[in-house]
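In what follows, a structure is listed as structure tokens, so that the remarks can point back to it.
In our numbering, the protein residues as written are 107 to 311.
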């Protein structure tokens, strides 16, 4: 019986997170109340508070359920620059194909104010950004060691540039809902961004 109760509690928590993500993506975090989330999930407001301390805690659960959007190919051999390119491309592909990921990042990048209780959430996002920078810097350093980059190449600065490029690309991709401004060209944009870091830049049409 205890196991069944744990399973039911996990299912309830999952349902609350799913309903919160949808409500946040439709109405924004500020305009969504925990009462609304509770009603959509078919539970009491008390049940929401039993699982989550506050709205910021619930928001973090929504984000964590989606997981990290960008994952670099886990290989030790091969072209490090190509690994960066594939990682960026796969992140945008996942955003296009996974409704949950798209809703979560829509909330994170467009529909949340990181003030008050949400200040800690902003810090968490920057912690994730620091990991992105560390992984990308390591790949650029590997590319530099393999002499794939031009003389005077700065792996850390290149990683920061890619971080800015990627963050802007995600936000603009989400905003371009009709696909006329940016979405159709993201693969080429990513390819050109990486090609510009090669010792002999590849021509990208």
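By construction, the Cβ of each residue, glycine as well, lies at the ideal position given by its N, Cα and C atoms. Owing to the predicted nature of the structure, the values given are computational and were not obtained by experimental measurement.
Quick one, which of 184, 300 and 178 has its alpha-carbon nearest residue 93's?
The chain is shown only over 107 to 311; residue 93 falls outside these bounds and no answer can be derived.
Top-ranked residue by Cα proximity to residue 144, from 199, 217 and 126:
The residue you call residue 144 lines up with position 38 of the chain shown. Looking at the Cα atoms, 126 is the closest of the given residues.
Note down the Cα distance separating residue 270 from residue 114, rounded to an integer number of angstroms.
Mapped onto the chain shown, residue 270 falls at position 164. Mapped onto the chain shown, residue 114 falls at position 8. Residue 270 and residue 114 have their C-alpha atoms roughly 42 Å apart.
Beta-carbon proximity check, residue 187 vs residue 243, cutoff 9 Å
In the chain shown, counting from the first residue as 1, residue 187 sits at position 81. In the chain shown, counting from the first residue as 1, residue 243 sits at position 137. Going by C-beta atoms, residue 187 is not nearer than 9 Å to residue 243.
Best match in 154, 152, 148 and 215 for proximity to residue 169 [C-alpha to C-alpha]:
Your numbering for residue 169 matches position 63 in the chain shown. Ranking 154, 152, 148 and 215 by Cα distance to residue 169 puts 215 first.
Note down the Cα distance separating residue 161 from residue 252, rounded to an integer number of angstroms.
Counting from one through the chain shown, the residue named residue 161 turns up at place 55. Counting from one through the chain shown, the residue named residue 252 turns up at place 146. Their backbone Cα atoms lie some 47 Å apart in a straight line.
Sequence-distant residues of its chain with Cβ nearer than 8 Å to residue 189 (five each side left out):
The sequence position of residue 189 within the chain shown is 83, counting from 1. Closer than 8 Å at Cβ, skipping near neighbours: 178, 179, 181 and 245.
Touch check for the stretch 124 to 138 and the stretch 208 to 222: three-plus C-beta pairs under 8 Å?
yes
Beta-carbon gap between residue 288 and residue 282 smaller than 9 Å
For this step, residue 288 is matched to residue 182 along the chain shown. For this step, residue 282 is matched to residue 176 along the chain shown. Yes.
CB-CB under 6 Å to residue 213, same chain, minus the five flanking residues each way: which ones, in chain order?
Position 107 of the chain shown, counted from the start, is the residue given in the question as residue 213. Once the five neighbours on either side are set aside, the close Cβ partners of residue 213 are 130 and 131.
Counting only the same chain and skipping the five closest in sequence on each side, list residues whose C-beta sits under 7 Å from that of residue 150.
As a working note, residue 150 is residue 44 in the chain shown. 144.
Cutting at 8 Å between CB atoms, please list the residues of its own chain near residue 241, excluding the five before and the five after it.
Position 135 of the chain shown holds residue 241. Excluding positions up to five away in sequence, the list reads 178.
Look at the alpha carbon of residue 305 and the alpha carbon of residue 278, and state the distance between them as a whole number of angstroms.
Your numbering for residue 305 matches position 199 in the chain shown. Your numbering for residue 278 matches position 172 in the chain shown. When rounded, the distance between both Cα atoms is 29 Å.
How would you label residue 294, buried or exposed, when you count the other beta carbons within 10 angstroms and need 16 or more for buried?
As a position in the chain shown, residue 294 is number 188, starting the count at 1. With fewer than 16 other Cβ atoms within 10 Å, it is exposed.
Does residue 137 come out as helix, strand or coil in the three-state DSSP assignment?
If you number the chain shown from 1, residue 137 lands on position 31. The answer is coil: DSSP assigns residue 137 none of H, G, I, E or B.
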